[in-house]
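To keep things clear, I will list the structure first and then write my remarks on it.
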Amino acid sequence: MFIFLTFMTVNGAEAIDSVSYSASFMTNFSSGQYAPYMIGSWNGDRSTMKNSAIADFCAEKSMSTSRRFDWGAGIEFLAGYQHPASYEMFDAETYTWIARKMRPAPVSLRTLYAELHYRSIHVLAGMKPQRSKIVDDRLSSGDLVRSNNARPIPGLSVGFVDFQDIPFTNGWLQVDCQIMYGKFMDDDYRRKQFNYYNQLVATDLYYTYKYCLFRTKPTERLSVIFGMQAAGQFGGTTEFYYRGHLRYAEHRGFRVKDVIKMLVPTLDNGNGYYEGNSLGAWSLRGRYRFANDNEISVYWEKFFEDGSGIGCRNGMDGLYGVQLSFARRGWLNSVVAEYLDFRNQSGPLHFAPGDHIGPSISTEATGGDNYYNNDTYGSYVNYGMAIGSPMVMAPIYNSNGYPEFIFNRMRGVHVAVAGSPTGEISYKLMAGWQKGYAMGRIPLPHAKSDVSAMMEIDWNASRLCDGLSVDCRVAVDRGGLRGDNLGAALTVRYSGSINYKK
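Structure, rendered in structure tokens:
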């Protein structure tokens, strides 16, 4: 908070501004090696381990979009203890497997950013959690491209501050765009979690994320958002291992022209593939508002890893959801139901005649997508947590040290209900079922399934102490996919703000 006090004297006309701050203490206890799926997910990688005791401090000066020019900044860090998890590593010298203990750092910086906007243009530098424009981050299983599951990646982004009217459409069509480039800072984690036996470890990677979304007039009863999200990994170094031995290393480093190649994918790396690891989703959300102001929203995200996915040739693969939102607050405020299917992935085979010189087979079989995994850049994670959907079990849960998504060929159902029966008490219930068939290219003889559920109750305790709130969660996993886990988490938070004249 003290960082912001130095910025409180600003020249110009008098206006009231504020800096909000909070301090919280969170503890969780679990029966398994990790926290249950629905406690460890959707919180920016704050509480993934079995047991923890963590203090969270943050301060933020919010940016107002109602002004022609404004700025914002924020900082958040965690301090505390988390129980270690055990991962296996292969020792090539002794030809034995060794168990290693890993735990998050006792102090970690989670948010640090500065942003500004002038008219419709927005610039942000640093790492700040972002909200999905397609799914409800609080109730959904998660956006397929950039969810609230992993820590934010530091970088620089430029785009519109929000949806902007397209000229000559009289407000009936709006557009919102963003381009972001960043740098992964999890090299130490990737090296420590890797088993050094098979697959690869990729470090010093760079990141890009961009979207272009259109929206019809939001004041109408029916409004639709549609467009595309895309993300990518590039640069860095990859070491390839086979049966405990380093086969070779590929050093790509960072070049300015890589930034351009990731903006517009270019076939220019000499081995028949496009530069970097690109993935994304076609996104669509339709909302209808009834006469009583209740709303129903239907949304769809069509995930892709390559041209076959962009061309929607991956069968039913994607996220399908519906959300009911009630204008009158009470026992039932919102209901979400979703279905996620990742079983097709264009099949396990991939053959493109253009990738070969004078092939005898001219028929194209575009497949082998292997969602969230890449043969050169590794898995689409930050500190082991899925940047995309947390319903797909992330590598952080692979106790054998395997660095990729093992069960990315899967399907699942997710439901959530939220309400606020009183002005002081609110709740959230979530439940899900999923079935994993291993990887798109490497199936299992028998699929594994899992059922997970969570109940969360939040108490606004301002009557006892202004700014005090208490949150309690209980969650369970049952099945062969995530194991049998039972856990609970308790968070006590104090929040406040400091007003000042601008």
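Numbering-wise (the numbering used here), the sequence shown opens with residue 1299 and increments by one. All residues carry an ideal CB built from backbone N, CA and C; glycine is no exception.
Around the beta-carbon of F1588, fewer than 16 other beta-carbon atoms lie within 10 Å, marking it exposed.
Per the Cβ contact rule, the segment 1717–1731 is not in contact with the segment 1360–1372 (fewer than 3 Cβ pairs under 8 Å).
With the rule of 3 Cβ pairs closer than 8 Å, the segment 1509–1520 counts as touching the segment 1473–1489. Secondary-structure assignment with DSSP links Q1732 through a beta bridge to G1710, D1748.
DSSP links S1322 through a beta bridge to D1354, R1791. Under the three-state reduction of DSSP, R1585 is assigned to strand. Under DSSP, no beta-bridge partner is assigned to T1661.
In this structure, DSSP gives V1557 a helical state, which the three-state scheme calls helix. Look at the segment 1366–1453 and you find these whole runs of beta strand (DSSP E), each 3 residues long or longer: 1367–1380, 1383–1389, 1394–1400, 1405–1416, 1419–1425. A distance below 6 Å between beta-carbons, with the five flanking residues on each side excluded, links G1765 to the following residues of its chain, in chain order: Y1792, S1793, G1794. Following the DSSP letters along the chain, one finds Y1487 inside the alpha helix (DSSP H) bounded by residues 1485–1491. Counted as a single uninterrupted DSSP element, the stretch harbouring G1778 is not any alpha helix (DSSP H), since DSSP gives it neither H nor E.
The C-beta distance from Y1487 to T1506 rounds to 21 Å, too long to fall under 8 Å, and the pair is not in contact.
Short of 7 Å from the beta carbon of Y1411, and not among the five residues preceding or following it, lie these beta carbons of its own chain, in chain order: A1371, G1372, L1422, A1423, G1424, M1425, K1426.
A distance of 9 Å or more separates the beta carbons of Y1379 and R1408. Listed in chain order, the non-local C-beta contacts of L1742 below 7 Å within the same chain comprise Y1735, A1736, local neighbours out to five positions each way being set aside. Secondary structure of G1338 (DSSP, three-state): helix. Cα atoms of A1663 and R1611: separation of roughly 11 Å, rounded to the nearest angstrom. Note on G1609: under 16 other CB atoms within 10 angstroms of its CB, so exposed under the neighbour-count rule.
Excluding the 5 residues flanking it on each side, H1648 has same chain C-beta neighbours closer than 6 Å at G1665, G1666, in chain order.
I1608: member of the alpha helix (DSSP H) spanning 1605–1608, first to last residue. Counting every other CB atom within 10 Å of its CB across the protein chains shown gives K1746 a total of 16 or more, marking it as buried. By the Cβ-count criterion, Y1504 is buried, with 16 or more other Cβ atoms from all chains shown falling within 10 Å of its own Cβ.
Assigned with DSSP and collapsed to three states, P1741 falls in strand. Each of C1356, Y1678, R1707, I1419 was checked against the Cα of R1365, and the nearest Cα belongs to I1419. The C-beta separation of Y1540 from Q1527 comes to about 35 Å, leaving the pair out of contact by the 8 Å criterion. Here DSSP, grouped into helix, strand and coil, assigns Y1695 to helix. The beta-carbon distance between E1386 and N1698, rounded to whole angstroms, is 5 Å. This is short enough to meet the 8 Å contact definition.
Separation of the CB atoms of N1326 and N1341 is rounded to 11 Å, and the pair is thereby denied contact status at 8 Å.
Residues of the same chain with a CB within less than 6 Å of the CB of E1548, apart from the 5 flanking positions on each side, are T1536 in chain order. Following the DSSP letters along the chain, one finds L1638 inside the beta strand (DSSP E) bounded by residues 1632–1639. The beta carbon of R1776 sits closer than 6 Å to those of V1749, D1782, all from its chain and outside the five residues before and after it, given in chain order.
Here the alpha carbons of G1578 and N1696 stand approximately 24 Å from one another. A distance of 9 Å or more separates the beta carbons of Q1497 and Y1675. Taking a contact to require three or more Cβ pairs closer than 8 Å, the segment 1438–1446 and the segment 1676–1688 qualify as touching. When the five nearest sequence neighbours on each side are left out, the beta carbons in the same chain lying within less than 6 Å of the beta carbon of R1780 are those of Y1335, D1748, in order along the chain.
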